[in-house]
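Residue numbers (the numbering used here), protein chains in the order written: chain A, -3 to 280; chain B, 167 to 478.
C-beta atoms are modelled at their ideal positions from N, C-alpha and C, and glycine is treated no differently.
Since the model is a prediction, treat every value here as computed from it, not as a measurement.
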Amino acid sequence: MKPVYELTDIHYRYHAAIPALEGISLSIFPGESVTFLGANGSGKSTLLHLLDGLIFPDSGTIKAFDEVLTEEKLETDAFRCFFRSRVGYVFQNPDIQLFCPTVFDEVAFGPLQLGLPAGEVTRRVEDTLAMLGITSLKERTPNHLSGGEKKKVAIASVLSLNPQVLLLDEPTNALDPRTRYWFIELVGQLRKAGKTIITTTHELSLAAQISSRVLVLTEEHAIAADGTAQEVIRNHELLHKANILHEHVTDTSGYFGKEHEPHTGDNVIKFPAVPAAEPRPRRS
Amino acid sequence: MIPDWLTQDNAAVPLPLGPRNNGKGFVERTIDATAGFLRDAIVSEAAAKRQGLLQALDPRVRLATLLALIVCVSLLHSPVAIWGMYLFVLLLAVASSVPLLFFIKRVWLFIPLFSAVIVIPALFNVVTPGDVLWTIGHLGQSHDFGPYHIPETISITRQGLLVALTFIGRVAASVSLAVLLTLTTRRSDLLRALVVFRVPQIFILILGMTYRYIILLVQSVQNIHTARRSRTLRYGSAGTEQRWVASRMGYLFKKTWLMSQEVHRAMLSRGFSGEGRALSVFRAGNYDYAWCLFVVLVCIGVLVLDHGVLPN
């Protein structure tokens, strides 16, 4: 099986001075649920920006779907449509992501950009809103939504693209316990539907509940460990070194208890495959 | 390790010297008033959600017909026709379940700002000579400044009053129509309806984002000031306060700039390539066509009366 992402010796610095990622090499395979665990400032969000082709490494190579991801390539209509229809990014701050006047417009934005027919766009929007239980918010403006509702709309705005890969940046930050659990169930359903889920978090319990694989980013911006959730989260020495676990915490086995296991449902909507977008003529 | 001082109660805090400064300062009052105005004027969509004559129309039809009425008002010359149109707009507001007093207050808030200053000189015989209605004062002798003649007696003239009434009536009717449009139309529908006038989708997208983020930034400003207020025991000098305000303006500018970069990335992430696209969600029906016909007839009727029958 070919990896979805293949990163080789990635280095990235902000303003050519502040290190954010140092020597990152890894592969992510289809259907995996990978979580990057790290303390604040370890480079988790930067890594997701790189994986979404929003910024590009100072050195090293990122291959996505067997193609080298470069700025020049993403400027071509054919590759941009191919890549953007396959990768969806839920930003940490939903206010960044919700820029349209209404929830309906927000969820329709991605499918419209893909050039889907109007009927298909409407169907996707309505199906996605219904799946996430937010149909009643359809005509609301994002200014009038609560934090949890904004997060749900942000997720809907990405799911309507029907991406194969979902990038989730600190997805449960500032969520109340009920919405947090709803989110964990949703990830379970999406995993069951075969999506590749890449999450960043500093919450051990979230990593334990949604991940098939956990990678630890250190404060030196490098990968310190790559293993199953059980292997990584039970390795207290590693977590102490990465500054994720407080020295007084000596037992993390509770994160794997039955009460933390998410339920998975079968009501996952299946979108038809995205029709191959025809490159539009460039405007002069 | 908690330092000792953190384990003890504070000693009595000395009261600030100098003038008392109870309640909110000028900056906070201004911010609260601005936020309140934005909330009422932009965010509130209460009237747009009510059932009414205009709300039942397709937003595109509503936009086009109310703009047609504004054009019609601007072509009228007779004060009777103009004030008649103003009365017609008030009837439209009532039929659209807009509270009349609130509507009149909202409109007349703008009239002194935009028209009174311009129109006051026109009342006097200095600008509009004619039949004297009310004498203001005597200068002793007349004066000439180049092409301008200042008469010996300054007075309000009948012709000047008619000019003022015509001008104010035209502004009142036009502003009322514009306010009625924004009160009865949800902002998102209004933006979508701009397509009728061939406004490019990218402009509509930018307008929508401006509306979205103005509210967010005003909330940020309010939060900054609330946070400061929660830790303020005494206010500084005017200079200190001004420096603080200036520094927060700089901070907000930087925050806005960084946010715009992030928003652009979020747009790129969902396939944005510089081209705005939108769904056409409106459907015009018989009611809309009947309303269009009615507005056309009203415009023609008023223009005919204005040019042929009514006194100018």
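Legend entry - Residues near residue 354(B) by beta carbon distance below 8 angstroms, same chain, minus five either side: Residue 354(B) sits at position 188 when you count from the first residue of the second sequence. Excluding sequence neighbours, residue 354(B) sits near 374.
Inset, instruction - Quick one: list the residues of chain B neighbouring residue 37(A), beta-carbon separation under 9 angstroms, in chain order. - result: The residue given as residue 37(A) occupies position 41 in the first sequence. Those do not exist, as residue 37(A) stays about 16 angstroms from chain B at its closest Cβ, beyond 9 angstroms.
Inset, instruction - Please work out which residues of its chain come closer than 8 angstroms, Cβ to Cβ, to residue 97(A), disregarding the five sequence neighbours upstream and downstream, and give them in chain order. - result: Working through the first sequence from its first residue, we reach residue 97(A) at position 101. Only 137 meet the Cβ criterion.
Legend entry - Contacts that residue 429(B) makes with chain A (C-beta to C-beta distance below 7 angstroms): Position 263 of the second sequence holds residue 429(B). Under the 7 angstroms cutoff, chain A gives 92 and 95.
Legend entry - Cβ-based neighbour list, residue 344(B), same chain, cut-off 8 angstroms, excluding 5 preceding and 5 following: Here residue 344(B) refers to the residue found at position 178 of the second sequence. Here the set comprises 232 and 236.
Legend entry - the segment 267 to 281 of chain B in contact with the segment 315 to 326 of chain B per 3-pair CB rule at 8 angstroms: no
Inset, instruction - Identify the continuous beta strand (DSSP E) that holds residue 311(B) and give its terminal residues. - result: Along the second sequence, one-based indexing puts residue 311(B) at 145. Taken as a continuous stretch (DSSP letters only), the beta strand (DSSP E) holding residue 311(B) covers 309 to 311.
Inset, instruction - Output yes if chain A places a C-beta closer than 9 angstroms to the C-beta of residue 456(B); else output no. - result: Working through the second sequence from its first residue, we reach residue 456(B) at position 290. No, its Cβ sits nowhere closer than 9 angstroms to a Cβ of chain A.
Inset, instruction - Could you confirm whether any beta carbon from chain B is found closer than 9 angstroms to the beta carbon of residue 256(A)? - result: As a working mapping, residue 256(A) is identified with position 260 in the first sequence. Note on residue 256(A): pLDDT 46, under 50, position unreliable in the model; no value is reported.
Legend entry - Own chain residues within Cβ distance below 7 angstroms of residue 280(B), not counting five before or after: Here residue 280(B) refers to the residue found at position 114 of the second sequence. 337.
Legend entry - Bridge partners - residue 321(B), DSSP secondary structure assignment: Translated into positions along the second sequence, residue 321(B) becomes position 155. Looking at the DSSP assignment, residue 321(B) forms a beta bridge with 301(B).
Inset, instruction - Output, in sequence order along the chain, the residues in the segment 249 to 261 of chain B whose CB is closer than 8 angstroms to any CB in chain A. - result: none
Legend entry - Three-state secondary structure assigned by DSSP to residue 256(A): On the first sequence, residue 256(A) is found 260 positions in, with the first residue counted as 1. For residue 256(A), the predicted structure reports a pLDDT of 46, less than 50, and the residue's modelled location is therefore unreliable. The matter cannot be settled from this model.
Inset, instruction - Tell me the start and end of each unbroken alpha helix (DSSP H) in the segment 402 to 456 of chain B that is at least 4 residues and wholly inside, in chain order. - result: 404 to 435
Legend entry - C-alpha distance - residue 157(A) paired with residue 81(A), whole-angstrom precision: Counted from its first residue, the first sequence places residue 157(A) at position 161. Counted from its first residue, the first sequence places residue 81(A) at position 85. Those two C-alpha atoms are separated by around 6 angstroms.
Legend entry - Closer than 7 angstroms at the beta carbon, the chain B residues around residue 106(A): As a first step, residue 106(A) is located in the first sequence; it is residue number 110 there, counting from the start. The answer, in chain order, is 436 and 437.
Inset, instruction - Just tell me which of 28(A), 27(A) and 42(A) has its CA closest to the CA of residue 34(A). - result: The residue labelled residue 34(A) in the question sits at position 38 within the first sequence. Cα-wise, what sits closest to residue 34(A) is 42(A).
Inset, instruction - From the DSSP output, in three-state form, read off residue 175(A) for me. - result: Within the first sequence, residue 175(A) is the residue found at index 179, counting from 1. In this structure, residue 175(A) counts as helix in the three-state DSSP scheme.
Inset, instruction - Determine the closest residue to residue 29(A) out of 140(A), 191(A) and 79(A), with distance taken between C-alpha atoms. - result: By 1-based counting over the first sequence, the position of residue 29(A) is 33. Checking every option, the nearest Cα to that of residue 29(A) belongs to 191(A).
Inset, instruction - Please confirm whether residue 106(A) and residue 129(A) have their CB atoms less than 9 angstroms apart. - result: By one-based count along the first sequence, residue 106(A) stands at place 110. By one-based count along the first sequence, residue 129(A) stands at place 133. Not a contact, by the Cβ cut-off of 9 angstroms.
Legend entry - Three-state secondary structure assigned by DSSP to residue 169(B): Within the second sequence, the letter at position 3 stands for residue 169(B). DSSP places residue 169(B) in coil when its eight states are reduced to three.
Inset, instruction - Have a look at residue 221(B) and residue 124(A) and give me their C-alpha separation to the nearest angstrom. - result: Position 55 of the second sequence holds residue 221(B). Position 128 of the first sequence holds residue 124(A). For residue 221(B) and residue 124(A), the distance between alpha carbons rounds to 29 angstroms.
Inset, instruction - Give me the Cα-Cα distance between residue 469(B) and residue 424(B), rounded to the nearest whole angstrom. - result: On the second sequence, position 303 is the one that residue 469(B) refers to. On the second sequence, position 258 is the one that residue 424(B) refers to. Spanning the two alpha carbons is a distance of roughly 53 angstroms.
Inset, instruction - Return no unless some Cβ of chain B is closer than 9 angstroms to the Cβ of residue 161(A). - result: Locating residue 161(A) in the first sequence gives position 165, counting from the first residue. Not an interface residue.
Inset, instruction - State yes or no: is the beta carbon of residue 167(A) nearer than 9 angstroms to at least one beta carbon in chain B? - result: For the purposes of this step, residue 167(A) is taken as residue 171 along the first sequence, with counting starting at 1. Not closer than 9 angstroms to any Cβ of chain B, the Cβ of residue 167(A) fails to qualify, so no.
Legend entry - Residues from the segment 345 to 356 of chain B in contact with chain A, defined by Cβ distance under 8 angstroms: 352, 353 and 354
Legend entry - Close-in-space but distant-in-sequence residues of the same chain around residue 26(A) (CB under 6 angstroms, 5 per side omitted): Counting from 1 along the first sequence, the entry for residue 26(A) is found at position 30. The answer, listed in chain order, is 0 and 192.
Inset, instruction - Within 10 angstroms of the Cβ of residue 366(B), are there 16 or more other Cβ atoms? Answer buried if so, exposed if not. - result: Reading the second sequence from its first residue, position 200 is the one you call residue 366(B). With fewer than 16 Cβ atoms within 10 Å of its Cβ, residue 366(B) is classed as exposed.
Legend entry - As assigned by DSSP and simplified to three states, the class of residue 292(B): Position 126 of the second sequence, counting from 1, holds the residue named residue 292(B). Coil, per DSSP.
Legend entry - Residues of the segment 393 to 421 of chain B whose Cβ lies closer than 8 angstroms to any Cβ of chain A, in chain order: none
Inset, instruction - Specify whether the segment 236 to 251 of chain A and the segment 200 to 216 of chain A touch according to this definition: at least 3 beta carbon pairs, one from each stretch, less than 8 angstroms apart. - result: yes
Inset, instruction - Provide the residue span of the alpha helix (DSSP H) that contains residue 377(B), from first to last. - result: If you number the second sequence from 1, residue 377(B) lands on position 211. Here the alpha helix (DSSP H) through residue 377(B) covers 367 to 396.
Legend entry - Alpha-carbon to alpha-carbon, residue 257(B) and residue 349(B): Within the second sequence, residue 349(B) is the residue found at index 183, counting from 1. Within the second sequence, residue 257(B) is the residue found at index 91, counting from 1. The alpha-carbon atoms of residue 349(B) and residue 257(B) are separated by roughly 15 angstroms.
Legend entry - Any chain A beta carbon closer than 9 angstroms to residue 381(B): Here residue 381(B) is taken as the residue at index 215 of the second sequence, counted from 1. Output row for residue 381(B): interface = yes.
Inset, instruction - Determine the burial state of residue 285(B): buried for a count of at least 16 other Cβ atoms within 10 Å of its Cβ, exposed for fewer. - result: For the purposes of this step, residue 285(B) is taken as residue 119 along the second sequence, with counting starting at 1. Looking at its Cβ environment, which holds 16 or more other Cβ atoms inside 10 Å, residue 285(B) is buried.
Legend entry - Counted within 10 angstroms of its Cβ, other Cβ atoms place residue 55(A) as buried (16 or more) or exposed: Mapped onto the first sequence, residue 55(A) falls at position 59. The residue in question, residue 55(A), is exposed, as its Cβ has fewer than 16 Cβ neighbours within 10 Å.
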